[in-house]
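Letter by letter, the sequence shown follows residues 0 to 543 in numbering that gives the first Met the number 0. Here the structure is laid out as structure tokens; the discussion comes afterwards.
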Amino acid sequence: MALLLVIGVAGPLSACERTAEESEQFIRLGLDGIITLDPAKVQDASSAFYITHLFSGLVRLDEEFEVVPDLAERWEVSPDGRVYTFELRQNATFHNGRLIRAEDIKYSLERAADPDTASPVAATYLGDIVGVREKLQGTANEIVGVRVRGDYTIEITIDQPKAYFLAKLTYPTAYVVDRENVEASPDWANSPNGSGPFMLSEWQPDELLVLARNDQYYGEKAQLQEVQFLGGLPEVPAYEQGILDIAYVGLNYVERLSDPSQPLHEELQVSPDLSVFYLGLNPNVKPFDDVKIRQAFNHALDREKLVNVTLRGMAVAARGILPPELPGHNEHVQGLEFDAGLARQLLSQSSYRDVQNLPPVVLHTAGGGAQPAPHITAIIEMYRQNLGVEVKIRQTDFASFLTLLTERPEEVQLFSLGWIADYADPQNFLDVLFHSESNENNSRYANAEVDRMLLDARTEHDRATRLRLYQEIEQRIVTDAAWVPLWHGKEFRLVKPYVRGYRPALVIQPWLNRISIVGTPEGRVEWPPEQPPVFPPTPPAVAA
Numbered sequence: 000m001a002l003l004l005v006i007g008v009a010g011p012l013s014a015c016e017r018t019a020e021e022s023e024q025f026i027r028l029g030l031d032g033i034i035t036l037d038p039a040k041v042q043d044a045s046s047a048f049y050i051t052h053l054f055s056g057l058v059r060l061d062e063e064f065e066v067v068p069d070l071a072e073r074w075e076v077s078p079d080g081r082v083y084t085f086e087l088r089q090n091a092t093f094h095n096g097r098l099i100r101a102e103d104i105k106y107s108l109e110r111a112a113d114p115d116t117a118s119p120v121a122a123t124y125l126g127d128i129v130g131v132r133e134k135l136q137g138t139a140n141e142i143v144g145v146r147v148r149g150d151y152t153i154e155i156t157i158d159q160p161k162a163y164f165l166a167k168l169t170y171p172t173a174y175v176v177d178r179e180n181v182e183a184s185p186d187w188a189n190s191p192n193g194s195g196p197f198m199l200s201e202w203q204p205d206e207l208l209v210l211a212r213n214d215q216y217y218g219e220k221a222q223l224q225e226v227q228f229l230g231g232l233p234e235v236p237a238y239e240q241g242i243l244d245i246a247y248v249g250l251n252y253v254e255r256l257s258d259p260s261q262p263l264h265e266e267l268q269v270s271p272d273l274s275v276f277y278l279g280l281n282p283n284v285k286p287f288d289d290v291k292i293r294q295a296f297n298h299a300l301d302r303e304k305l306v307n308v309t310l311r312g313m314a315v316a317a318r319g320i321l322p323p324e325l326p327g328h329n330e331h332v333q334g335l336e337f338d339a340g341l342a343r344q345l346l347s348q349s350s351y352r353d354v355q356n357l358p359p360v361v362l363h364t365a366g367g368g369a370q371p372a373p374h375i376t377a378i379i380e381m382y383r384q385n386l387g388v389e390v391k392i393r394q395t396d397f398a399s400f401l402t403l404l405t406e407r408p409e410e411v412q413l414f415s416l417g418w419i420a421d422y423a424d425p426q427n428f429l430d431v432l433f434h435s436e437s438n439e440n441n442s443r444y445a446n447a448e449v450d451r452m453l454l455d456a457r458t459e460h461d462r463a464t465r466l467r468l469y470q471e472i473e474q475r476i477v478t479d480a481a482w483v484p485l486w487h488g489k490e491f492r493l494v495k496p497y498v499r500g501y502r503p504a505l506v507i508q509p510w511l512n513r514i515s516i517v518g519t520p521e522g523r524v525e526w527p528p529e530q531p532p533v534f535p536p537t538p539p540a541v542a543a
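Dropping the structure here:
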């Protein structure tokens with residue numbers, strides 16, 4: 000800020016740094032798949048991205064992953080750490096102008112926990128609140144731990160003092176919704192009356208989604224008037240032709256754009272993700288009921304080759320579960336490293352003795368193309384070569400895939416999935432994904448000692464002790480081979496020089512409201528064009 004002030008005193012900004020005309024304050028991006036825009040039901044990162052811009056909650060995460068006020072102007076915590084009293088902003092409104100009151104917060108939390116809503120994540124993110132479990136089970140009409148204490152005061156009581164509770168409230172499940180909007184139509188989420196920095200202006204599923212600036216927003220208003228998400232376009236070619244202003248770079252283009260001699264290299268931004276991608280092994284389904292088989296499937300995969308050859312350096316090989324940028328990450332975790340000989344030895348020492356005695360192994364994955372993703376093909380080949388196991392692939396669309404994992408886990412032996420941090424705390428990975436009673440524990444891993452340690456970590460308030468405890472928990476889970484950890488992701492994006500304020504969000508948080516356009520957006524074309532654009536053939540996705 001000091002630098003900007005000095006420039007301002009010295010003279011006007013140069014033409015290229017001058018804020019663009021109001022009519023130019025819009026950007027175009029590629030449209031990701033959207034499963035739902037209902038905050039209570041979202042469980043995928045793509046849908047959550049849009050929801051965080053349309054809705055808001057009591058608190059949010061800032062750019063440093065700290066919990067800061069949002070709809071709540073301030074809060075107090077009781078001496079025993081169990082009662083949170085939130086004072087709401089008195090100028091916050093829904094998009095239609097109606098003031099948001101404490102009763103709206105109570106309604107939204109109780110709707111999320113209503114069994115009729117069928118939220119797949121309410122127990123995970125709201126389950127610490129007293130009475131949520133009973134509400135979810137249909138044995139209570141309200142959440143007794145949520146009390147309205149005035150028009151702009153709401154009190155939330157949790158079962159035990161937990162250091163991460165406020166961070167959980169930053170997830171969309173706790174966002175406020177307008178009761179009148181929700182009860183007006185079963186399809187209300189297609190035209191939501193939210194309270195976030197943007198409003199839904201237009202939505203043609205899979206083709207176009209337009210967000211318009213919310214000029215009544217109680218926080219710092221967006222500089223962009225509009226954000227257009229275009230579907231069905233190859234992002235990098237569309238960026239090169241001036242259609243998109245920010246573009247996701249996939250496997251097909253990362254090698255070319257990572258070359259410093261390429262013209263677009265200077266516009267490439269690379270950042271780490273707070274994510275982990277993995278193969279889930281169901282210990283309740285043969286052959287993964289035997290820990291030696293699970294360990295063999297770990298040792299049979301060459302993760303370094305997977306990330307450096309198949310993924311072309313777009314990820315970091317995972318030895319454990321917690322991403323490198325996450326507090327509590329242990330760089331010394333003892334992973335089950337690639338060793339084909341040891342993998343075969345473990346298989347021979349298992350209860351199955353020989354590969355011929357294994358039942359058919361099927362890898363479930365999300366997808367709908369004729370060919371599976373390159374990394375899936377590489378994994379199958381590694382198991383064939385290094386373990387002698389022929390793994391079959393079963394692809395389903397993402398929504399059906401998630402339903403299968405949550406509702407019919409007994410049908411899944413082995414699956415491919417990823418997890419992106421909702422908030423920057425190891426509890427969001429280890430407790431949410433591995434406690435035996437967690438709804439997000441898709442692998443159905445269960446270890447009584449790990450459960451006990453996770454319960455201890457929930458109420459441990461000394462940060463250093465808590466992080467050490469999570470590191471010990473992580474090591475036990477890795478040794479148990481609950482998963483085959485594959486990699487931690489990196490984000491590769493092209494960003495036009497005239498786009499200012501872009502900083503990738505490593506957790507679930509809005510970021511479009513900090514974007515602006517400066518100068519003249521050179522090279523940007525009109526959209527839609529008179530003639531459909533012609534794109535060059537997509538280069539091959541698999542490295543030699």
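C-beta: ideal position from N, C-alpha, C; glycine also. Keep in mind the model is a prediction, meaning the values are calculated, not measured.
Near residue i, what residues of its chain come up, given a Cβ to Cβ distance below 6 Å and the 5 sequence neighbours on each side ignored?
{"i": "S107", "result": "V175 and V176"}
{"i": "S349", "result": "D289, K291 and I292"}
{"i": "I375", "result": "T364"}
{"i": "L481", "result": "One point to set straight first is that residue 481 is Ala, not Leu, in the sequence displayed. These residues qualify, in order along the chain: S442 and Y444."}
{"i": "I34", "result": "D43, S46 and A398"}
{"i": "R171", "result": "The question names Arg, but residue 171 in the sequence shown is Pro. Cβ within range, chain order: P38, V41, A47 and I50."}
{"i": "R100", "result": "D150"}
{"i": "Y163", "result": "D424 and Q426"}
{"i": "D244", "result": "I26, R27, K495 and V498"}
{"i": "N180", "result": "W187 and N192"}
{"i": "I379", "result": "V390"}
Is the beta carbon of residue i less than 8 Å from the beta carbon of residue j?
{"i": "V517", "j": "Y497", "result": "yes"}
{"i": "R88", "j": "L70", "result": "yes"}
{"i": "K105", "j": "V143", "result": "no"}
{"i": "A299", "j": "N385", "result": "yes"}
{"i": "L135", "j": "A122", "result": "yes"}
{"i": "Q24", "j": "S515", "result": "yes"}
{"i": "D472", "j": "L454", "result": "Note on residue identity: the sequence assigns Ile, not Asp, to residue 472. No, the pair does not count as a contact, with Cβ atoms beyond the cut-off."}
{"i": "A246", "j": "L485", "result": "no"}
{"i": "R318", "j": "G340", "result": "no"}
{"i": "D421", "j": "N446", "result": "no"}
Across which residues does DSSP place residue i in a beta bridge pair?
{"i": "I142", "result": "According to DSSP, which records beta bridges pairwise, I142 is partnered with nothing at all."}
{"i": "V66", "result": "L60"}
{"i": "T156", "result": "V82"}
{"i": "F25", "result": "E225"}
{"i": "P271", "result": "K489"}
{"i": "G193", "result": "According to DSSP, G193 bridges with nothing at all."}
{"i": "W74", "result": "F85"}
{"i": "S415", "result": "L278"}
{"i": "V209", "result": "E201 and Q227"}
{"i": "R499", "result": "S515"}
Would you grab the beta carbon distance between residue i and residue j for me? Rounded to a whole angstrom, and I think it's under 8 Å.
{"i": "A173", "j": "Y124", "result": "7 Å"}
{"i": "F276", "j": "L53", "result": "Not confirmed; about 27 Å, so no contact."}
{"i": "A316", "j": "V332", "result": "Contact flag wrong, Cβ pair sits at about 12 Å."}
{"i": "L413", "j": "L362", "result": "5 Å"}
{"i": "T51", "j": "Q508", "result": "6 Å"}
{"i": "V129", "j": "T92", "result": "Not quite, the Cβ-Cβ distance comes to about 30 Å (not below 8 Å), so this is no contact."}
{"i": "P322", "j": "L267", "result": "Going by Cβ atoms, the distance from P322 to L267 rounds to 21 Å, so no, they are not a contact pair."}
{"i": "L199", "j": "L210", "result": "7 Å"}
{"i": "G366", "j": "Q394", "result": "4 Å"}
{"i": "T169", "j": "R59", "result": "5 Å"}
Residues in the same chain with beta-carbon distance under 8 Å from residue i, minus the five sequence neighbours each way, listed in chain order, please.
{"i": "T458", "result": "Q159, P160 and K161"}
{"i": "P326", "result": "A423, D424, P425 and L466"}
Helix, strand or coil, according to DSSP, for residue i in the structure here?
{"i": "T519", "result": "coil"}
{"i": "K565", "result": "Since the first residue shown for the chain is 0 and the last is 543, residue 565 is missing from the structure and cannot be characterised."}
{"i": "H434", "result": "coil"}
{"i": "R318", "result": "coil"}
{"i": "Q203", "result": "strand"}
{"i": "M313", "result": "coil"}
{"i": "Y277", "result": "strand"}
{"i": "A44", "result": "helix"}
{"i": "E529", "result": "coil"}
{"i": "F164", "result": "helix"}
{"i": "A246", "result": "strand"}
{"i": "H544", "result": "This structure does not reach residue 544, given that the chain is present from 0 up to 543, and the question cannot be answered."}
For residue i, I'd like the list of residues in its chain whose CB is within less than 7 Å of its CB, leaving aside the five on either flank, ordered along the chain.
{"i": "T537", "result": "P233 and N251"}
{"i": "E410", "result": "L403"}
{"i": "S415", "result": "L278, L362, T364 and I375"}
{"i": "V253", "result": "R311, M313 and F491"}
{"i": "T358", "result": "Before going on, a small fix: residue 358 reads as Pro here, not Thr. Excluding positions up to five away in sequence, the list reads K285 and P286."}
Does the beta carbon of residue i sit closer than 8 Å to a beta carbon anywhere in chain B?
{"i": "G340", "result": "Of the protein chains in this structure there is only one, and it is not chain B."}
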